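Chemist: Take our numbering: the last position of the sequence shown gets the number 649, and nothing is skipped along the way. Below is a structure I'd like to ask you about.
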Amino acid sequence: MDVRQEIEELRELIRYHNDRYYNQDDPEISDYEYDQLTLKLRKLEEEYPELITADSPTQKVGGVAKREAGVLVEHRVPMLSLQDVFSKEEVYSFVERILKEREDTVFVVERKIDGLSVSLRYQDGQLVMGVTRGDGINYGEDVTQNIRMIKDAITTLKDPVPYIELRGEVYMKSEDFNAVNEKLEAEGKKTFANPRNCAAGTLRQLDPRVVKERKLSLFVFNVQDTKGISFSLHSESLEWLKKQGIKVSEDYKICRTADEVWEAITEIGESRGSYAYDIDGAVVKVDSLADREYFGSTSKVPRWAIAYKYPPEEKETVLRDIRLSVGRTGRITPTAIFDPIRLCGTNVERATLHNQDRIDELDVRIGDTIVVRKAGEIIPEVLSVVKDKRPKEAAPYKIPMECPSCGSPAVRDDNTADIRCNNLNCPAQLTQHILNFVGRNAMDIKGFGEAYIEALVREGYVKDIADIYYLGRYRDEMIEKGLIGKEKNTDKLLTAIERSKDNDIDRLITGFGIRNIGRQAATELMNSFKSIHRLKEASYEELVKVKDMGEISAGAVLDFFSNPDNQDILSRLEQAGVNFESVKDEKAMDGALSGLTFVITGTLPSMGRTQMEELVKSHGGRVSGSVSKNTDYLIAGDNAGSKLTKAQQLGIKIISEDEMLKMIESA
């Protein structure tokens, strides 16, 4: 891979994770892993400055403004991010650069609390608006009503001034975060991964009562703009804010040398486990506001401040057991169980070991003393083994090649480190497998929620997907036991099941849950083979000829249809009357959109993405989940995110829902 390609792939990956973090409040990787990606890109761009582009993530503030919690508001002062540094050398380099130009400079070192950045605008002493960072430059979201629900948000200043704009951080204390997750778990709802996600998701709620109930916290770390009052020092402004009753950065340190700055950073780092909230670093700022003006900012970061990111906290403990669990896809995951330790303010007693390769790489054995850390302050991981403390009787650990849930033989995937159970009817996988089968992208059996599935599995009525179509035989029993509810609910579900028998076979293929075969791949298989029977008899050579069908996917299809249990399920599905032949209108193959590939992103004005997908396919078009050079059109709604950015970079035509409908109509 050449450097240009490596840089572009890194940028695309970072843009994707930016979107997950800033816009969806649902990151897929830890802060530490994200920082390493950014650091790698920054180093490559420093080495090859001619490859730096204006739209690189290193040159822009992350995030886009969204219309969820309120209307978009134009920023009066840009809400820039900070330059991250990861070493003592980088801290000293920053301080020495500043002192070289301003030898009497004083620095302020503060804790960097992990939360969601906001600006607060006060007019004549009254809080008039709260705005999220949004895109950081142009627009943020109006979250004023939600800000007012936060106990720390002072709505009236003790000493009114004509205008002052403050920048702060909305966050959650660990205790409050745990309480929210406990409540969500008790209600059977999805829990938040960490306090930052919870704070961000809560602040964007449309109902301010949710904000009040979840007990968000707020502190202010900067004065952005003023009228009728002025400050010469940042520390002076913080002391004035304290007098107004506003919570500011706790225990900030005034420093004059690089040694003092590093000492303050070290002190914060050593104490981070004792704080009531998560921190993700320490901030070093120039104290003089005049000096800040002198140093200025880039398009992304101020030149007068940096954020030092701490390496993950590490502690020793003793490994007591390795437990195996089976995920919804059949993947067998080993988990380390060890003596409880406290990391980053929380008690930790388990961490994933990922797979056999990772166990072998660490050479970890039950009874070993291990070093555990929290990657990105969130995810516990086993870092290493202290082999000098290894017990003599400790033996190498191998994952048994059988499923710990159902006892079926386990297999190791080709070209991967994963060991998995391929029994789709394994109890550990069954609920999720059925949930996929009845879901919107598969058989779309409306009203068939997870609670009903769990009840039917628990009572023995559903042991595989074929059993769904025989539930009518047990109608009276189910009503008597209240598994679906009363008569009306039960009949409603049975009717939805009956209607799903007429679905086209791409939905059925999707519902099978074949590894690597999603809805788009299922559609291509349907277009190529026209029936389940024809697909079942397809050879490997025929399968790999199907559009976007690789060797692994073709192998997964062959494995599925050669499995005797699956053959029995197929037989019972057909006997129950489930459609096995493609009912797709052949005219659609030559329709208005024939030969064109579309990607759908954002929130459309009048229909959901699934509806738009069906519409495109019904007129012969193809829908892909990702933007590439093979994409013909991007159908974009509100909050389009990274797919829109990539389409613009590739020069792909971007159209609205209305333009899409006109395209079909005119053709």
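Backbone N, C-alpha and C define an ideal beta-carbon position, used for all residues, glycine too. None of the values given here were measured: they were computed from a predicted structure.
Buried or exposed: where does Lys672 fall if 16 or more other Cβ atoms within 10 Å of its Cβ makes it buried?
Modeler: No information on residue 672 is available, as it lies outside the stretch -17 to 649 that the chain covers here.
Chemist: What are the boundary residues of the beta strand (DSSP E) that includes Tyr153?
Modeler: Tyr145 to Tyr153
Chemist: Could I get the ranges of all uninterrupted alpha helix (DSSP H) runs contained in the region 437 to 504, with 4 residues as the minimum, in chain order?
Modeler: 457 to 463, 469 to 482 and 487 to 493
Chemist: Contact defined as beta carbons within less than 8 Å: I believe Thr311 pairs with Asn423. What is the distance between those atoms, to the nearest angstrom?
Modeler: With a Cβ gap of about 16 Å, Thr311 and Asn423 do not count as contacting.
Chemist: Just verifying my parser: in three-state terms, what is the DSSP assignment at Thr299?
Modeler: strand
Chemist: Kindly give me the distance between the Cβ atoms of Pro322 and Ile381, rounded to whole angstroms, as I take these residues to be in contact under 8 Å.
Modeler: Rounded, the Cβ-Cβ distance is 25 Å, inconsistent with contact.
Chemist: Can you tell me which of the three DSSP states His(-1) falls into?
Modeler: helix
Chemist: Can you tell me whether Pro39 is buried or exposed? The criterion is at least 16 other CB atoms within 10 Å of its CB, across all chains shown.
Modeler: buried
Chemist: Where does Met111 sit, in a helix, a strand or coil, going by DSSP?
Modeler: strand
Chemist: Check whether the region 266 to 278 touches the region 68 to 84, taking contact to mean three or more Cβ pairs, one atom from each stretch, closer than 8 Å.
Modeler: yes
Chemist: From the DSSP output, in three-state form, read off Gln65 for me.
Modeler: strand
Chemist: Tell me which same chain residues have a C-beta within less than 7 Å of the C-beta of Ile(-4), skipping the five on either side of it?
Modeler: Leu19, Thr20, Leu23 and Pro39
Chemist: Going by DSSP, name the residue or residues bridged to Arg178.
Modeler: DSSP lists no partner for Arg178.
Chemist: Can Leu453 and Val444 be called in contact, C-beta distance under 9 Å?
Modeler: yes
Chemist: By Cβ distance, which residues of its chain are closer than 7 Å to Asn163, with the 5 residues on each side in sequence left out?
Modeler: Spatial neighbours of Asn163 in its own chain (CB-CB distance under 7 Å, excluding positions within 5 residues in sequence) are listed in chain order as Thr173 and Phe174.
Chemist: Have a look at the DSSP bridge pairing and note the partners of Gln105.
Modeler: Secondary-structure assignment with DSSP links Gln105 through a beta bridge to Gln108 and Tyr145.
Chemist: Return yes when the Cβ of Asp614 is within less than 9 Å of the Cβ of Ile634, no when it is not.
Modeler: It is a contact, given that the beta carbons lie within the stated cut-off.
Chemist: Just how far apart, CA to CA, sit Ala478 and Lys463?
Modeler: 20 Å
Chemist: Judging by CA-CA distance, which residue of Lys229, Arg501 and Leu476 is the nearest neighbour of Asp486?
Modeler: Arg501
Chemist: Would you decide whether Gly577 is buried or exposed? Buried here means 16 or more other CB atoms lie within 10 Å of its CB.
Modeler: exposed
Chemist: Using the Cα positions of Tyr153 and Ala182, report the straight-line distance between them to the nearest angstrom.
Modeler: The alpha-carbon atoms of Tyr153 and Ala182 are separated by roughly 8 Å.
Chemist: So the beta strand (DSSP E) Lys635 belongs to, where does it begin and stop?
Modeler: Run containing Lys635: Lys635 to Ile637, per the beta strand (DSSP E) assignment.
Chemist: Could I get the ranges of all uninterrupted alpha helix (DSSP H) runs contained in the region 325 to 355, with 4 residues as the minimum, in chain order?
Modeler: 338 to 344
Chemist: Determine the direct distance from the alpha carbon of Cys180 to that of Val192, and round the result to whole angstroms.
Modeler: 12 Å
Chemist: Expressed to the nearest angstrom, what Euclidean distance is found between the alpha-carbon atoms of Trp222 and Phe213?
Modeler: 9 Å
Chemist: Hey, quick one: how far does the alpha helix (DSSP H) through Phe76 stretch, first residue to last?
Modeler: Lys70 to Glu83
Chemist: Kindly give me the distance between the Cβ atoms of Val268 and Val73, rounded to whole angstroms, as I take these residues to be in contact under 8 Å.
Modeler: Not a contact, Cβ separation roughly 14 Å.
Chemist: Can Lys229 be considered in contact with the ligand ATP, in the sense that its beta carbon sits closer than 8 Å to one or more heavy atoms?
Modeler: Absent from the structure shown: the ligand ATP. Ligands present: none.
Chemist: Could you tell me the distance, in whole angstroms, from the CA atom of Ala135 to the CA atom of Leu200?
Modeler: 7 Å
Chemist: Flag this pair as yes or no: are the beta carbons of Lys483 and Gly584 separated by less than 9 Å?
Modeler: no
Chemist: Apply the 10 Å Cβ neighbour rule to Thr138 and answer buried if 16 or more other Cβ atoms are within range, or exposed otherwise.
Modeler: exposed
Chemist: Using only alpha-carbon positions, find the residue among Glu363, Val230, Val53 and Ile211 that is nearest to Glu296.
Modeler: Glu363
Chemist: What span of residues does the alpha helix (DSSP H) with Asp134 cover, start to end?
Modeler: Run containing Asp134: none; DSSP gives neither H nor E here.
Chemist: Would you mind stating whether Ser101 and Asp260 have Cβ atoms separated by less than 9 Å?
Modeler: Cβ atoms of Ser101 and Asp260: not closer than 9 Å.
Chemist: Give me the Cα-Cα distance between Tyr(-2) and Lys529, rounded to the nearest whole angstrom.
Modeler: 25 Å
Chemist: Give the DSSP-derived three-state secondary structure of Gly122 in the structure shown.
Modeler: Under the three-state reduction of DSSP, Gly122 is assigned to strand.
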